[in-house]
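**Student:** One structure is given below, represented as structure tokens, and several questions about it will come after.
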Amino acid sequence: RMATDNKLRHVTSMLELPSGAGKISALHAVILGEALASEEHDLVFPSDDFARQAHVSSPQQYLEMYKRSVEDPAGFWSDIASQFYWKKKWDQPACSENFDFRKGNISIQWFKGGLTNICYNCLDRNIESGNADKIAIYWEGNDPGLEDSLTYSQLLDRVCQLSNYLKDVGVKKGDAVVIYLPMLMELPIAMLACARIGAVHSVVFAGFSSESLAQRIVDCKPKVLITCNAVKRGAKAIHLKDIVDAALAESAKNGISVDVCLTYENQNAMKREGTKWQEGRDVWWQDFVPKYPTTCEVEWVDAEDPLFLLYTSGSTGKPKGVLHTTGGYMVYSATTFKYAFDYKPSDVYWCTADCGWITGHSYVTYGPMLNGASVVVFEGTPTYPDAGRCWDIVDKFKVTIFYTAPTLVRSLMRESDEHVTRYSRKSLRVLGSVGEPINPSAWRWFFNVVGDSRCPISDTWWQTETGGFMITPLPGAWPQKPGSATFPFFGVQPVIVDEKGVEIEGECSGYLCLKSSWPGAFRTLYGDHERYETTYFKPFAGYYFTGDGCSRDKDGYHWLTGRVDDVINVSGHRIGTAEVESALVSHPKCAEAAVVGVEHEVKGQGIYAFVTLVEGEPYSEELRKSLILTVRKQIGAFAAPDKIHWAPGLPKTRSGKIMRRILRKIASKQLDELGDTSTLAEPHVVEQLIELADC
Ligand code: PRX
Numbered sequence: 052r053m054a055t056d057n058k059l060r061h062v063t064s065m066l067e068l069p070s071g072a073g074k075i076s077a078l079h080a081v082i083l084g085e086a087l088a089s090e091e092h093d094l095v096f097p098s099d100d101f102a103r104q105a106h107v108s109s110p111q112q113y114l115e116m117y118k119r120s121v122e123d124p125a126g127f128w129s130d131i132a133s134q135f136y137w138k139k140k141w142d143q144p145a146c147s148e149n150f151d152f153r154k155g156n157i158s159i160q161w162f163k164g165g166l167t168n169i170c171y172n173c174l175d176r177n178i179e180s181g182n183a184d185k186i187a188i189y190w191e192g193n194d195p196g197l198e199d200s201l202t203y204s205q206l207l208d209r210v211c212q213l214s215n216y217l218k219d220v221g222v223k224k225g226d227a228v229v230i231y232l233p234m235l236m237e238l239p240i241a242m243l244a245c246a247r248i249g250a251v252h253s254v255v256f257a258g259f260s261s262e263s264l265a266q267r268i269v270d271c272k273p274k275v276l277i278t279c280n281a282v283k284r285g286a287k288a289i290h291l292k293d294i295v296d297a298a299l300a301e302s303a304k305n306g307i308s309v310d311v312c313l314t315y316e317n318q319n320a321m322k323r324e325g326t327k328w329q330e331g332r333d334v335w336w337q338d339f340v341p342k343y344p345t346t347c348e349v350e351w352v353d354a355e356d357p358l359f360l361l362y363t364s365g366s367t368g369k370p371k372g373v374l375h376t377t378g379g380y381m382v383y384s385a386t387t388f389k390y391a392f393d394y395k396p397s398d399v400y401w402c403t404a405d406c407g408w409i410t411g412h413s414y415v416t417y418g419p420m421l422n423g424a425s426v427v428v429f430e431g432t433p434t435y436p437d438a439g440r441c442w443d444i445v446d447k448f449k450v451t452i453f454y455t456a457p458t459l460v461r462s463l464m465r466e467s468d469e470h471v472t473r474y475s476r477k478s479l480r481v482l483g484s485v486g487e488p489i490n491p492s493a494w495r496w497f498f499n500v501v502g503d504s505r506c507p508i509s510d511t512w513w514q515t516e517t518g519g520f521m522i523t524p525l526p527g528a529w530p531q532k533p534g535s536a537t538f539p540f541f542g543v544q545p546v547i548v549d550e551k552g553v554e555i556e557g558e559c560s561g562y563l564c565l566k567s568s569w570p571g572a573f574r575t576l577y578g579d580h581e582r583y584e585t586t587y588f589k590p591f592a593g594y595y596f597t598g599d600g601c602s603r604d605k606d607g608y609h610w611l612t613g614r615v616d617d618v619i620n621v622s623g624h625r626i627g628t629a630e631v632e633s634a635l636v637s638h639p640k641c642a643e644a645a646v647v648g649v650e651h652e653v654k655g656q657g658i659y660a661f662v663t664l665v666e667g668e669p670y671s672e673e674l675r676k677s678l679i680l681t682v683r684k685q686i687g688a689f690a691a692p693d694k695i696h697w698a699p700g701l702p703k704t705r706s707g708k709i710m711r712r713i714l715r716k717i718a719s720k721q722l723d724e725l726g727d728t729s730t731l732a733e734p735h736v737v738e739q740l741i742e743l744a745d746c
């Protein structure tokens, strides 16, 4: 402690922060060791050994880099971008943007005019720099004992074969390819193969239902869909190809037909025999792809050419196709990975996220591979066959950086610590958390039990839209506070505004916005730039609105407090209340539904649905199950309501607006905080709802 304190005190406050970065000026207080005494118990310092070897080893070093990143973003990011391979350098200023809709359409461009390829930078560039035989992927199957690996050069061979196949079946630069695969090695292979030929991948999490998959297919109209016949999750085999068949049939009804359904035979789950097949459309991966050459010319693309689409939930029923482009995303995902995890070439990195979500895009595939990292890809579930599986995998591959979600931490915490302590875990040096706020008790268990009080935790706050980390610890740079995502990454200017959009300084709470762009920012919502502007840039003019609430403490640390819009965060998965409601009302016996998030011990938030049945329909257990099944079928199992609350009526204003505030209070049983209900059109519905709470 003393040594660290002295080091912090040693730093002067002479660093003048630019005006836009005033929010982090309280970091000076931390640097100077002020404010530490009163909250000493809240601060967790990196060890001196860790800080000494870290890329950023002091607050001062961070502040110097941060200052430059916000004063001269083009210069800061151009220097970093130059470490990648560009077929042709950008010929215009590195960044041009309009972040203020009052000045015209929102637009963000980074490195425009530069030609590059992210697959080349992930694979060929690392191979050329001597890493051909380094392991790129350690694959661990669902069942213990099933494993595989690929070196960087073997991975390139596989990627090229698939790229050649895709080209051969007519996929061209700019075409969309939908990928619906579990965590097989073929998933990152497919992403990289698309990127190599300039095709735009749209990975759909393989837990989504056929209807959700169909919706995404119809939106982006792919030529090819890549999937597998089946997958094992825990002890259960799931026939993914059946889900795909149903989705393709549904898309065809909407006039969208896919030319090729490339199907990987996942023999560990199911042999190909028995798989339903449509001749002329369906193709076994193993029968064709391995026959193609292992080299494939790179398609050089503009930095602003699209790289991928990823659908995410918003406050209306229709998922949003978040579009990321190539150059800025490449530079940003790689740089955030390097600094937030203090990545070194000797690290073995494991992120438990699925590539179906943004975390798997930026921090299973692109960020790590751009850094030439060895990445563990895990097909299974972290508690199968038992709660020690993660630590078994950590010991097996000597994982040094382990990145996961608070929901997993909380679920493992409920089991005996013996599941953790029976494994060595001595390889671990950095831990990471993402997806939702991590509560301090989960943070401490993760730190003390999993990390043996040695490993800093990077609690990374970011979003599908941001492409990479926005507010995150740099693990060697400053002390952490359990539950706080700490300070902004380079180039990121978070501001907290009040409901009128006025920036609030100092210790405060409000809406989290971002001022000016960063290279990893999404550029539009696919096919709907207007919705992009309305959702993100119009709520607070001049800023990007994140949808999150945030408070800043007196030391300048940021504490994310959750979504302030109609999005709920279940086990780190973003679900729009409107999506669940529209699934429920599609049930013939449901007249109306209102969904709210409610605190859940393991999942963070659970889904709580108030359901009004059609006139005369009696409540029954069977009906409850059938409503839940409808949501599972329309969205996916992860969106199934935890609770159905029968509602003879819903609390509405006289103009017919549902008062969700009241529903949230009823759901969380905070009945003394219902507030004024006299303005409701029918105040008595509140009492009815309270009476039916336990039915
Ligand atoms: O509410 C925030 C929460 O997850 C939302 C973004 O969800 P999604 O786009 O699905 O991306 C998840 C993975 C990046 C945010 O608006 N969130 C994410 N990380 C954190 C978080 N909330 C608090 N702390 C975090 N570290």
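Quick note: the sequence shown uses the UniProt record's numbering, first residue 52, plus one each step. Built from N, CA and C at the ideal position, the CB exists for glycine as well.
#1: Does the beta carbon of residue 488 fall short of 7 Å from some heavy atom of the ligand PRX?
#2: With a CB to CB cut of under 6 Å and the five nearest residues on each side skipped, what residues in its chain are close to residue 85?
#3: What are the start and end residues of the alpha helix (DSSP H) that includes residue 295?
#4: Residues in its own chain within less than 7 Å of residue 396 by CB, not counting five upstream and five downstream?
#5: For the 8 Å Cβ check, are there 3 or more pairs between the region 349-357 and the region 487-506?
#6: Please list the segments of the beta strand (DSSP E) lying wholly inside the region 499-559, counting only runs of 3 or more residues, in order along the chain.
#7: I'd like the list of long-range same chain contacts for residue 518, defined as Cβ closer than 7 Å, with 5 residues on each side in sequence excluded.
#8: Would you list the residues sitting across from residue 200 in a DSSP beta bridge?
#9: Can you give the beta carbon distance from residue 240 to residue 209, rounded, assuming they're within the 8 Å contact cut?
#10: Taking 8 Å as the threshold, find out whether the region 438-458 comes into contact with the region 220-236 through three or more Cβ pairs.
#11: What does the Cβ neighbour count give for residue 305, buried or exposed, with the cut at 16 atoms within 10 Å?
#12: On the DSSP bridge list, what partners appear for residue 357?
#13: Could you tell me the distance, in whole angstroms, from the CA atom of residue 141 to the CA atom of residue 229?
#14: What did DSSP end up calling residue 675 once you bin it into helix, strand or coil?
#15: Cα separation between residue 714 and residue 289?
#16: For the ligand PRX, I want to know if residue 145 counts as a neighbour, meaning its beta carbon is within less than 7 Å of at least one of the ligand's heavy atoms.
#17: DSSP state of residue 638, grouped into three classes?
#18: Residues in the same chain with beta-carbon distance under 7 Å from residue 687, minus the five sequence neighbours each way, listed in chain order, please.
#19: Are the region 121-139 and the region 318-337 touching by the rule of at least three beta carbon pairs closer than 8 Å?
#20: Have a look at the DSSP bridge pairing and note the partners of residue 453.
#21: Can you tell me which of 155, 164 and 156 puts its alpha carbon nearest to the alpha carbon of residue 144?
#22: Quick check on the DSSP output: what are the complete beta strand (DSSP E) runs of length 3 or more inside the region 234-267, in order along the chain?
#23: Going by DSSP, what residue range makes up the alpha helix (DSSP H) through residue 741?
#24: So the candidates are 421, 460 and 417; which of them puts its Cα closest to the Cα of residue 438?
#25: Let me check you understand the geometry: is the CB of residue 755 closer than 7 Å to at least one non-hydrogen atom of the ligand PRX?
#26: Quick check on the burial criterion: 16 or more other C-beta atoms within 10 angstroms. Buried or exposed for residue 480?
#27: Give the DSSP bridge partners of residue 565, in chain order.
#28: If you compare alpha carbons, which of 665, 427, 656 and 689 is closest to residue 199?
#29: Mind checking which residues open and close the alpha helix (DSSP H) that includes residue 773?
#30: Measuring alpha carbon to alpha carbon, tell me which residue in 347, 311, 478 and 329 is nearest residue 398.
#31: Would you give the residue range spanned by the alpha helix (DSSP H) that residue 441 belongs to?
#32: Near residue 454, which residues of its chain fall below 6 Å by C-beta distance, leaving aside the five closest residues on each side in sequence?
#33: Around the C-beta of residue 221, are 16 or more other C-beta atoms found within 10 angstroms, so that it is buried, or is it exposed?
#34: Between 465, 360 and 742, which has its C-alpha nearest residue 579's C-alpha?
#35: Check whether the region 691-702 and the region 663-672 are in contact - that is, three or more C-beta pairs closer than 8 Å.
#36: For residue 496, which of helix, strand or coil comes out of DSSP?
**Tutor:** Judging by the given coordinates:
#1: For this step, residue 488 is matched to residue 437 along the sequence shown. At least one heavy atom of the ligand PRX is nearer than 7 Å to the Cβ of residue 488, so yes.
#2: Here residue 85 is taken as the residue at index 34 of the sequence shown, counted from 1. Here residue 85 scores only 46 on pLDDT, less than 50, and its place in the model is too uncertain to base an answer on.
#3: Indexing the sequence shown from 1 puts residue 295 at position 244. Residue 295 -> alpha helix (DSSP H) spans 291-304.
#4: The residue you call residue 396 lines up with position 345 of the sequence shown. Sequence-distant partners of residue 396 (beyond 5 residues in either direction) whose C-beta falls short of 7 Å from its own C-beta, in its chain, are 423.
#5: With the cut-off at 8 Å, the region 349-357 and the region 487-506 do not touch.
#6: Runs of the beta strand (DSSP E) inside the region 499-559: 508-511 and 545-548.
#7: Here residue 518 corresponds to residue number 467 of the sequence shown, with the count starting at 1. Contacts found: 375, 380, 383, 384, 413, 571, 572 and 573.
#8: Here residue 200 corresponds to residue number 149 of the sequence shown, with the count starting at 1. Beta-bridge partners assigned by DSSP to residue 200: 189.
#9: Walking along the sequence shown from the start, residue 240 turns up at place 189. Walking along the sequence shown from the start, residue 209 turns up at place 158. Their Cβ separation, rounded to whole angstroms, is 5 Å, which keeps residue 240 and residue 209 in contact under 8 Å.
#10: They do not touch, by the three-pair rule.
#11: Your numbering for residue 305 matches position 254 in the sequence shown. Exposed, by the Cβ-count rule.
#12: For the purposes of this step, residue 357 is taken as the residue at position 306 of the sequence shown. Paired residue(s): 376.
#13: Within the sequence shown, numbered from 1, the residue matching residue 141 stands at position 90. Within the sequence shown, numbered from 1, the residue matching residue 229 stands at position 178. Those two C-alpha atoms are separated by around 30 Å.
#14: Numbered from its first residue, the sequence shown carries residue 675 at position 624. Residue 675 falls in the helix class under three-state DSSP.
#15: The count along the sequence shown starts at 1 and reaches residue 714 at position 663. The count along the sequence shown starts at 1 and reaches residue 289 at position 238. Pairing residue 714 with residue 289, the inter-Cα distance amounts to about 36 Å.
#16: Taking the first residue of the sequence shown as 1, we reach residue 145 at position 94. No, the Cβ of residue 145 stays beyond 7 Å of every heavy atom of the ligand PRX.
#17: For this step, residue 638 is matched to residue 587 along the sequence shown. Three-state DSSP puts residue 638 in coil, outside helix and strand.
#18: Taking the first residue of the sequence shown as 1, we reach residue 687 at position 636. If the five residues before and after residue 687 are omitted, its C-beta is found closer than 7 Å to the C-beta atoms of 258, 259, 260 and 263, all from its own chain and listed in chain order.
#19: Output reads no: the region 318-337 does not touch the region 121-139.
#20: The residue you call residue 453 lines up with position 402 of the sequence shown. Under DSSP, residue 453 takes part in a beta bridge, and its partners are 401 and 482.
#21: One-based indexing of the sequence shown puts residue 144 at position 93. Checking every option, the nearest Cα to that of residue 144 belongs to 164.
#22: 251-254, all fully within the region 234-267.
#23: Taking the sequence shown and counting its residues from 1, one reaches residue 741 at position 690. If you look at residue 741, you'll find it in the alpha helix (DSSP H) that goes 735-742.
#24: In the sequence shown, the residue the question calls residue 438 occupies position 387. Its Cα nearest to that of residue 438, the residue 460 stands out among 421, 460 and 417.
#25: Because the chain is modelled from 52 through 746, residue 755 falls outside the range shown and cannot be assessed.
#26: Position 429 of the sequence shown holds residue 480. Taking every protein chain shown into account, the CB of residue 480 has 16 or more other CB atoms within 10 angstroms, so this residue is buried.
#27: Numbered from 1 along the sequence shown, position 514 holds the residue referred to as residue 565. As computed with DSSP, residue 565 is found in a beta bridge with 545 and 595.
#28: Residue mapping note: residue 199 aligns to position 148 of the sequence shown, counting from 1. Measuring C-alpha to C-alpha distances from residue 199 to each of 665, 427, 656 and 689 identifies 427 as the nearest.
#29: Summary: the structure shown does not reach residue 773, with the chain confined to residues 52 through 746, and so no result is reported for it.
#30: For this step, residue 398 is matched to residue 347 along the sequence shown. For residue 398, the nearest C-alpha among the options comes from 478.
#31: Against the sequence shown, residue 441 aligns to sequence position 390. 440-448 is the extent of the alpha helix (DSSP H) around residue 441.
#32: To locate residue 454, count along the sequence shown from 1; it is residue 403. So the list reads 402 and 483, once near-sequence residues are dropped.
#33: For this step, residue 221 is matched to residue 170 along the sequence shown. Taking all protein chains shown into account, residue 221 has fewer than 16 neighbouring C-beta atoms within 10 Å of its C-beta and is therefore exposed.
#34: Taking the sequence shown and counting its residues from 1, one reaches residue 579 at position 528. Comparing Cα positions, the closest option is 360.
#35: Judged by Cβ distances under 8 Å, the region 691-702 makes contact with the region 663-672, as three or more pairs qualify.
#36: Position 445 of the sequence shown, counting from 1, holds the residue named residue 496. Note: residue 496 maps to helix in three-state DSSP.
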